[in-house]
Amino acid sequence: MTDLKKNVPELRFPEFSEEWEEALLNEKVDFYSGLTYSPDDITDEKGTFVVRSSNIKNNKLIDADNIYVDLKNLTIEKVQYGDIIVVVRNGSRNLIGKHALVSSNLNNTVIGAFMTGIRSDNSLFINVLLDTETF
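My numbering applies: residue 4 is where the sequence shown begins, and numbers increase by one.
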């Protein structure tokens, strides 16, 4: 149960003592956009790995139909450990919202144009939240 007057649940993790605070997601995380590239930018495995929707399965990153590009002099946000990668645009409605938590260090990796990256100090919580009916 929760004390609605105080907005404090009866059961608490020991590190929490204050009232629950309602906030919008964009107040708690940073979003970054993916890379738009042309077929001419595609290169061999020595290039920059581009995570696309085909690289996410069962909330994990997988090796599947990998694409590597030559970034030339482009400046784009690189994927970091703890980021959440979300499919936000796709020809298939079933793929929208598909996501994965980056659980290892990925060197020289960016996300594709139809993806959004989420960076937060609470990535594990946010990742689970994305699996709820709310989203």
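For every residue, glycine included, the Cβ atom is placed at its ideal position computed from N, Cα and C.
Given the structure is predicted, the values throughout are model-derived calculations rather than measurements.
In this model, Leu-14 and Glu-24 are separated by some 16 Å (Cα to Cα).
Look at Phe-138 here: in three-state DSSP terms it is coil, with no helix or strand label. Counting along the chain, the unbroken beta strand (DSSP E) around Val-72 starts and ends at 70-72.
With at least 16 other beta carbons inside 10 angstroms of its own, Gly-120 counts as buried. A check of alpha carbon separations from Gly-50 across Lys-60, Asn-62 and Tyr-71 identifies Tyr-71 as the nearest. DSSP places Leu-132 in the uninterrupted alpha helix (DSSP H) bounded by 126-132.
Between Asn-62 and Ala-103, the beta carbon gap of about 5 Å places them in contact (Cβ cut-off 8 Å).
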